[in-house]
Structures are given as C-alpha cells and as structure tokens.
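Numbering-wise, the sequence shown is residues 84 to 177 according to this note's numbering.
This report concerns only the one structure given below.
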Amino acid sequence: MKTSTSEGKHGIQWTSRMQLDDLDFADDLALLSQTQQQMQEKTNSVAAASAAVGLNIHKGKSNVLRYNTTCTDPITIDGEDLEDVKTFTYLGST
C-alpha cells in the first residue's frame with residue numbers, strides 16, 4: 084500500500100495538519116481522495132502494485148462512494164467500471 088500512495092498526497096484533510104489518504108486493515112482497503120482524477124490514479128496505482136506481487140482485486144467487491152460531488156465519471160480497474168454505492172460497511176462498522 085505504501086508503494087501505491089507514495090507518489091503524492093491526494094487524500095482528504097483530516098485535521099489542520101494531517102491528511103488521510105487511505106484506511107487499510109488486512110485485505111480491506113478504503114482509498115480517500117478529493118477529486119475523481121486523484122481517485123482513479125490511486126486505484127490504478129493500487130491495481131498495478133497488487134498485480135506486481137500476484138494479488139488480484141475482486142472488482143465485484145470493490146465500490147465507489149462519492150460524497151459532495153457532481154462528478155459521475157466512473158472509477159475503473161482494467162477498463163471495468165466499479166459500482167457506485169450510497170453507503171458501505173468498513174470492517175463491520177456502520
């Protein structure tokens with residue numbers, strides 16, 4: 084994960100001095116970005132880093148949650164659109 088997010092800071096402002104780029108635990112990952120372009124770049128980077136070590140991203144279990152945006156351009160992995168959702172559960176928390 085560190086490899087795929089080290090290219091730049093493109094997360095969300097968490098506090099006045101801290102930016103949050105992702106949440107990860109075991110095989111669960113939540114990427115956070117301000118723009119659609121940054122999210123697509125992160126998604127591409129994670130997909131490439133995963134493939135390089137023999138891991139596959141399950142596209143059917145991957146979702147996009149948009150908050151406070153009018154952009155509806157799809158986020159894709161290997162040319163396949165990820166599903167947009169209104170809510171999601173991260174690590175069993177609601």
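For each residue, glycine too, the CB sits at the ideal point set by N, CA and C.
On a predicted model such as this, the values are computed, not experimentally measured, just so you know.
Option nearest residue i by Cα separation, candidates the options
| i | options | result |
| --- | --- | --- |
| Leu115 | Lys144, Glu163 and Gly94 | Gly94 |
| Ile158 | Ser133, Tyr173 and Thr126 | Thr126 |
| Lys142 | Tyr173, Asp167 and Thr152 | Asp167 |
| Thr118 | Lys169, Arg100 and Cys154 | Cys154 |
Classification of residue i by the beta-carbon crowding that lies within 10 angstroms, buried from 16 upward
| i | result |
| --- | --- |
| Ala109 | exposed |
| Arg136 | It is worth fixing the name first, because residue 136 is Val in this sequence and not Arg. With fewer than 16 Cβ atoms within 10 Å of its Cβ, Val136 is classed as exposed. |
| Ala130 | buried |
| Asp164 | exposed |
| Asp156 | exposed |
Continuous beta strand (DSSP E) stretch holding residue i: start and end
| i | result |
| --- | --- |
| Val147 | Asn146 to Leu148 |
Residues that residue i bridges to, as DSSP identifies them
| i | result |
| --- | --- |
| Asp105 | Leu114 |
| Ile160 | Glu163 |
Where the alpha helix (DSSP H) through residue i begins and ends
| i | result |
| --- | --- |
| Val129 | Gln119 to Ala135 |
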